[in-house]
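Heads up, the sequence shown is in the working numbering, so the first residue is 69 and it goes up one at a time.
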Amino acid sequence: MQDSTVLPGVYSRRMRLSLSRITESVGLVALLLLWELLGATVFHKSHAVPTPTAVVSKMVKDGWHFYWPNLQTTLAEAIKGWFWGNLLGIATAMLFLVAPLFERPLLQLGVASYCLPPVAILPTFAIVFTGETPKVVLAAMSVFFTTLIGTLVGLRSADPAALDVVYAYGGGRLKQLTKVRLRASLPSMFAGLCIAAPAAVLGAIIGEFLGGTQGLGVAMINSMQALEVARTWGIAIVATAAAGAGFGLTHLVGRLLTPWAPAGVR
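Structure representation (structure tokens):
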């Protein structure tokens, strides 16, 4: 009797999922066709918006030997910034729980760093740091605040009853943090880490606008100056794919490490 009620429900969910995927695919194809039409008609004279076929043709002509060195440089900067920015964000959120005295000033500093326009502080970074460090620092700044807030929300969502048990056995804030709060924070933390992945790529690219020898940002500036519009769009597509891959990989790791969390949380 139970199987007869469960199976229709499972079948219905699978049907809805299949229809959703079909709808998404049809919508993507329709968008590409509309883009092709507008690029060939409305934007044909201005050349500001090339057609998808022109972009793909230019990407194939440039070849992987053009994109890979630039992508490799940007990813190296973004990964370093993602690591250090997230590490600092998670550590700061834990500090707030152990020593609440630091929360107000450090949180205000985090808000300020998040609101600062990257273009305004890039020249300062170029003076203070050398090499790829300005790009790494900007990528780290791009991820710090979102990870800090996500981790802080997760740490504070711990079960009060579990915290009371730790306290009853003589545990303080540090024990509550390590025994209860860390595990409770994982779903919300990974939500912040997912957002941090594309943010780190964007931060590294913006940092490369200041100058350099390689990187997607450098290649994008060079292609715009050379009026290579199709190549500029191709670089943007590669950057978007890299950011999406980072988001998807982080989301997958989050799902594997937090199987108990609702699907919408991670």
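All C-beta atoms, glycine included, are put in the ideal place defined by N, C-alpha and C.
The criterion of a C-beta distance shorter than 9 Å is not satisfied by G157 and L223. S93 carries a helical assignment under DSSP once its states are collapsed to helix, strand and coil. Under the three-state reduction of DSSP, Q140 is assigned to helix. With a cut-off of 8 Å on Cβ pairs, the stretch 244-259 is in contact with the stretch 317-328, counting three or more such pairs.
Distance check between E171 and each of C262, A304, L220, V124 places L220 closest, using alpha-carbon atoms only. DSSP, reduced to helix, strand and coil, places P118 outside both helices and strands of the structure shown, so it counts as coil. Under a 10 Å Cβ-count criterion, C183 is classified as exposed, with fewer than 16 other Cβ atoms of the shown protein chains found around its own Cβ. In the three-state reduction of the DSSP assignment, Q282 falls in the coil class, being assigned neither a helical nor a strand state.
Apart from the 5 residues on each side of it in sequence, V248 sits with its Cβ closer than 8 Å to the Cβ of A226, D227, A230, L231, V234 in its chain, given in chain order.
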